[in-house]
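Everything on this sheet refers to the single structure shown next.
Protein chains: 2
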Amino acid sequence: MASKPSTEPKDQTPPAGKSLRADARRNRDKLIETAAQAFADHGTAASLEDIARRAGVGVGTLYRHFPTREHLVEVVYRHEVEALCDAAEELSRELTPDRTLEEWMHRFVGYIATKRGMGDSLRILLNSNSELFADSYGKVPIVLAGLIARAVADGSIRADVDSTDVLHALSGTYSMPNSPEWHNRSRRLVGLLMDGLRWGAPRA
Amino acid sequence: MASKPSTEPKDQTPPAGKSLRADARRNRDKLIETAAQAFADHGTAASLEDIARRAGVGVGTLYRHFPTREHLVEVVYRHEVEALCDAAEELSRELTPDRTLEEWMHRFVGYIATKRGMGDSLRILLNSNSELFADSYGKVPIVLAGLIARAVADGSIRADVDSTDVLHALSGTYSMPNSPEWHNRSRRLVGLLMDGLRWGAPRA
DNA sequence: AGATTAAACGGAGGCGCCTCCGTTTATTAT
DNA sequence: ATAATAAACGGAGGCGCCTCCGTTTAATCT
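Have a look at this one:
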């Protein structure tokens, strides 16, 4: 598996998505990408007509692919979690285990940032559809645990680390206030965590 | 108190409603009346523009009086509970205590019927604003208890009645299915209750 | 009664939602 | 290659939301 370069084309709707016509898939992908941006910028109340426009398609196309706003939100959400998880593998191909962990944590925190903007609809979704939460978010702890295990094996971070503790520490950023300092604050948090993890490591 | 005829003019917003200009009060009342009808017919999602149109005013007027849909829903709700409570006094002026009780229970059940249609927004309101619930719905048990006490004193119903039990019995109609039989069903329920209450009464 | 003025009116306008259906286009069969 | 066909497109149109502001009018003052 994973023998192709696979630099960008990775998606499709795993369960329900049969073979789509080429143009359909193109438009679908563009819509998801555009929507992700729009939701990040304006929250999930962003104008769907505007998303369609920016994606260069008619509203009809948007509604055909995603019958309701919630459908679109859900797909975007799933996509981003998957991208986050996939990034772990890619990063570890180019960086040392500890640098991979650090970079991935930065991305995780950035990911959380966009979710705060989506809070409104997302909460509804997660409440009414807990399967979604389990399905996609469920992978995150596993990925993190894997990255930590590698870094431990590598000797670049200490061995007595509970990955769940690290996840909780990172998740705290979700409830931080929206100040412009937010970004720096979360960068420092990750830095702090890494310092703690490296302290007393075999190869430190 | 209550020395005037007072056949219809009873409303105003008790706490916040200062003295309104004559035309303003007219429009406000008409809007509430029209909205009550619309909500009963189409649920709380009824078109506000349509309500304004039917009330013979511009939408601007509607929005000035009721900034949000929820405001309007709340006012309509309060109004109806008050009307229901006031009806008790009026009815008892024209009917015997047991007939008053019977007729009032019919109205109560009819009132519940409209609330089922409003379920959507009303639930939100009652959750976020429990003061509203306590304020207005709180009077209902008291009114019912009063009517029952009168009929007991009158000897037309038996004395060993817990008014709370009666209220619970009536409230059951809230969760009945929407069949066309609904109305008959609830009429029979009230009849049944009255038969039970009259059984073994001193003057029966 | 007439003038004044602040309150109230009302609807046009801009935007977003969503559907419907005539047109375009990728795919399949020949 | 070409035709046939089913899939997909896209935007106009109808409706509802809400705001803004020029016009009307009830209440007050002289």
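Chains A and B supply the protein sequences, listed in that same order. Under our numbering, the first residue of the first sequence carries the number 126, and numbering increases by one thereafter. Under our numbering, the first residue of the second sequence carries the number 126, and numbering increases by one thereafter. A virtual CB, placed ideally from N, CA and C, is assigned to each residue, including glycine.
Quick check on SER217 of chain B: does DSSP put it in helix, strand or coil?
Correct three-state label for SER217 of chain B: helix.
Skipping 5 residues on each side, what residues in its chain have a beta carbon closer than 6 Å to that of ALA329 of chain A?
Around ALA329 of chain A: ARG323.
Mapping DSSP to helix, strand and coil, what is ARG146 of chain B?
Coil, per DSSP.
Do you know how far the Cα of LEU317 of chain A is from the Cα of ALA117 of chain A?
What the structure shows of chain A is the stretch from 126 to 329, and residue 117 of chain A is not part of that stretch, so it cannot be assessed.
Just verifying my parser: in three-state terms, what is the DSSP assignment at VAL206 of chain B?
VAL206 of chain B: helix per DSSP, three-state reduction.
Going by DSSP, what residue range makes up the alpha helix (DSSP H) through SER281 of chain A?
Premise fails: SER281 of chain A is in no alpha helix (DSSP H) and is neither H nor E.
What is the C-beta distance between ASP223 of chain B and ASP279 of chain B, in whole angstroms, given that I count them as a contact (C-beta under 8 Å)?
Sure, about 7 Å apart at Cβ, within 8 Å.
With a cut-off of 8 Å on the beta carbons, I'd call ILE176 of chain A and THR159 of chain A a contact; round off their distance for me.
At roughly 5 Å, the Cβ-Cβ gap stays under 8 Å, so ILE176 of chain A and THR159 of chain A are in contact.
Report buried or exposed for ARG153 of chain A, applying the criterion of at least 16 other Cβ atoms within 10 angstroms of its Cβ.
It counts as buried.
Using alpha carbons as the reference points, say which of B:HIS190, B:GLU199, B:TYR202 and B:LEU226 lies closest to ALA212 of chain B.
For the residues B:HIS190, B:GLU199, B:TYR202 and B:LEU226, the minimum Cα distance to ALA212 of chain B belongs to B:LEU226.
Counting only the same chain and skipping the five closest in sequence on each side, list residues whose C-beta sits under 6 Å from that of SER288 of chain B.
Answer for SER288 of chain B: LEU269, ALA270 and ILE273, listed in chain order.
Determine the DSSP secondary structure at GLU228 of chain B, reduced to helix, strand or coil.
Helix.
As a quick exercise: from A:VAL206, A:GLU205 and A:MET230, pick the residue whose alpha carbon is nearest that of SER217 of chain A.
Of the candidates A:VAL206, A:GLU205 and A:MET230, the one whose C-alpha sits nearest the C-alpha of SER217 of chain A is A:MET230.
Where does PHE233 of chain A fall in DSSP's three states?
In the structure shown, PHE233 of chain A sits in a helix (DSSP, three-state: H, G or I).
Under 8 Å by Cβ, that's how I've got LEU209 of chain B and ARG232 of chain B pegged, so tell me the actual separation to the nearest angstrom.
Indeed, because the Cβ distance is near 6 Å, the residues count as touching under 8 Å.
Taking all protein chains shown into account, do 16 or more other C-beta atoms lie within 10 angstroms of the C-beta of ALA171 of chain A, making it buried, or fewer, making it exposed?
When all chains shown are included, ALA171 of chain A counts as buried.
Can you give me the start and stop residues for the alpha helix (DSSP H) that GLY316 of chain A sits inside?
Note, GLY316 of chain A: alpha helix (DSSP H), 307–323.
Taking 8 Å as the limit between beta carbons, can you name the residues of its chain near ALA276 of chain A, skipping five residues before and five after?
Result list for ALA276 of chain A: PRO222, ASP223, THR225, LEU226, ILE282 and LEU322, in chain order.
Pull up the CB-CB distance for VAL206 of chain A and VAL265 of chain A, whole angstroms please, since I reckon it's below 8 Å.
VAL206 of chain A to VAL265 of chain A, Cβ: 7 Å. Contact.
Compare the beta carbon distance of VAL201 of chain A and ILE157 of chain A with 7 Å and say whether it is the shorter of the two.
Closer than 7 Å, so yes.
Taking SER234 of chain B and SER311 of chain B to be in contact with their CB atoms under 8 Å, please state how far apart those CB atoms are, rounded to whole angstroms.
This sequence places Val at residue 234 of chain B; Ser is not what is there. VAL234 of chain B to SER311 of chain B, Cβ: 5 Å. Contact.
What separation, rounded to the nearest whole angstrom, lies between the Cα atoms of VAL184 of chain A and ALA163 of chain A?
Answer to the nearest angstrom: the Cα atoms are 15 Å apart.
How would you call GLU199 of chain B, buried or exposed, if buried means at least 16 neighbouring beta carbons within 10 angstroms?
GLU199 of chain B is buried by the Cβ-count criterion.
Using the rule of at least 16 other Cβ atoms within 10 Å of the residue's Cβ for burial, across every protein chain shown, is ALA147 of chain B buried or exposed?
Exposed.
Return helix, strand or coil for PRO222 of chain A, following the three-state DSSP convention.
Three-state result, PRO222 of chain A: helix.
Can you give the Cα-Cα distance for GLY181 of chain B and HIS293 of chain A, rounded to whole angstroms?
If I take the Cα positions, the gap works out to 58 Å.
Would THR239 of chain B pass as a contact of ALA165 of chain B if the rule is Cβ separation under 7 Å?
Against a cut-off of 7 Å, the Cβ pair of ALA165 of chain B and THR239 of chain B comes out as a contact.
Quick check on VAL265 of chain A: does DSSP put it in helix, strand or coil?
Note: VAL265 of chain A maps to helix in three-state DSSP.
If you reduce the DSSP assignment to three classes, tell me which class VAL277 of chain B lands in.
It is helical.
Look up THR186 of chain A in the DSSP assignment and say whether it is helix, strand or coil.
Here THR186 of chain A sits in helix by DSSP.
Give the secondary structure of ARG179 of chain B by DSSP, where H, G and I count as helix, E and B as strand, and everything else as coil.
Here ARG179 of chain B sits in helix by DSSP.
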